[in-house]
Amino acid sequence: MWRFVLKRVLTIIPIMLGTTFIVFSIMSFAPGDAVGMLAADASQEEKAALRQELGLDDPLLIQYARYIKNLLLGDMGISYKSGAPVTEELAARIPYTALLAVVASIITIILAIPLGVIAAIRQNTFFDTSSMVFCLLGISIPPFWLGLLLILSFGVKLKMLPVSGSGSWAHLIMPAITQSVAGLATIARVTRSSMLEVIRQDYIRTARAKGIAYNQVIRRHALKNSLLPTITVAGLQVGALLSGAVVTETVFSWPGIGRFLVSSISWRDTPCVLGCVVIFVLTFSIINLIVDILYGFVDPRIKAIYKKA
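With our numbering as the guide, the letters of the sequence shown map in order to residues 86 to 394.
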């Protein structure tokens, strides 16, 4: 198991290098630069001096190598816009994104798995049909549209909830709902499909023939054996939530990493953009590792494979 975990951790290195290099290249080749945004009214001499001070005159590979060297030393650079260390900028925003992600994840997991299980065991009933219609709408509706609809309904018309900011728990309700709907719908559909496949297996019929109560068969046998696809999809959804919902945080002016990333891209603030990317890559990598480890607890056969790896 530990050998497997070590191998997965080592794979983060090439993923990190590849991702940061692609983002660094895109930011370098994009029209304009940070100097044009920060010193729009400055003279050409002043812009040239600022560009040299920021190291933007160096070739792309030299700039990237310098960034990776500093990153290995724990230095993510200095924000072009604010002049503050990127680590401080991220540290001020990560708690907001983490809070939003945790609340949205709790809503998603608590509602999605029971919804999928009940829809499967009550296949072709009104509950099954209505829940799958809800899931289809949840997957199809763009988050920004849903967020704006909630703002218009509960913020502007009913005046029940604040429409933006992060001053209280009330500010968290609409962003959390907006962020959880798509993941809830996806996980519920996958859970239903997996459960339908499992409850038709021979060992389920055998358990029922032995006189075991239907609820116990579902809880002890069917649910556990149907969880692998659900865990996979749930891991991806939780990883996306923890990485910062760019659209949701922008719509509700939530001061998290997603909104910070949008602002940094607008200002061509490459160190801050790369800092956000590093957080995203680490988050997804850790979540995927946790999902792989959970496989071993759910299915002993997979745990045996990990021991041989």
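Just so you know, even glycine gets a beta-carbon here, dropped at the ideal spot from N, CA and C. Note that this is a predicted model, so its numbers are computed, not measured.
Close Cβ partners of residue i (< 7 Å) along its chain, the five nearest in sequence each way excluded
| i | result |
| --- | --- |
| D377 | R93 |
| V323 | S190 and I372 |
| G250 | H256 and S338 |
| V332 | P228 and F229 |
| L231 | T263 and V266 |
| I350 | V358 |
Residue i versus residue j: straight-line alpha-carbon distance, rounded
| i | j | result |
| --- | --- | --- |
| A177 | R344 | 12 Å |
| F239 | P260 | 12 Å |
| F89 | L374 | 10 Å |
| I206 | Y380 | 24 Å |
| E131 | D142 | 14 Å |
| S278 | T172 | 43 Å |
| L313 | L246 | 38 Å |
| F382 | L156 | 35 Å |
| T315 | R274 | 9 Å |
| H254 | R304 | Note that residue 254 corresponds to Trp in the displayed sequence, not to His. Approximately 35 Å between the Cα atoms of the pair. |
| L145 | S110 | 7 Å |
Three-state secondary structure assigned by DSSP to residue i
| i | result |
| --- | --- |
| I163 | strand |
| P116 | coil |
| P228 | helix |
| Q208 | coil |
| A127 | coil |
| Q322 | helix |
| D213 | helix |
| A177 | helix |
| W352 | coil |
| T96 | coil |
Residues bridged to residue i [DSSP beta-bridge criterion]
| i | result |
| --- | --- |
| P170 | I163 |
Own chain residues within Cβ distance below 6 Å of residue i, not counting five before or after
| i | result |
| --- | --- |
| M122 | W352 and R353 |
| M101 | V366 |
| V248 | I236 and G240 |
Integer Cβ distance of residue i from residue j, believed to fall under 8 Å
| i | j | result |
| --- | --- | --- |
| R293 | V283 | Not really, about 13 Å apart at Cβ, beyond 8 Å. |
| L135 | A150 | With a Cβ gap of about 22 Å, L135 and A150 do not count as contacting. |
| V362 | T105 | 6 Å |
| L196 | L269 | 6 Å |
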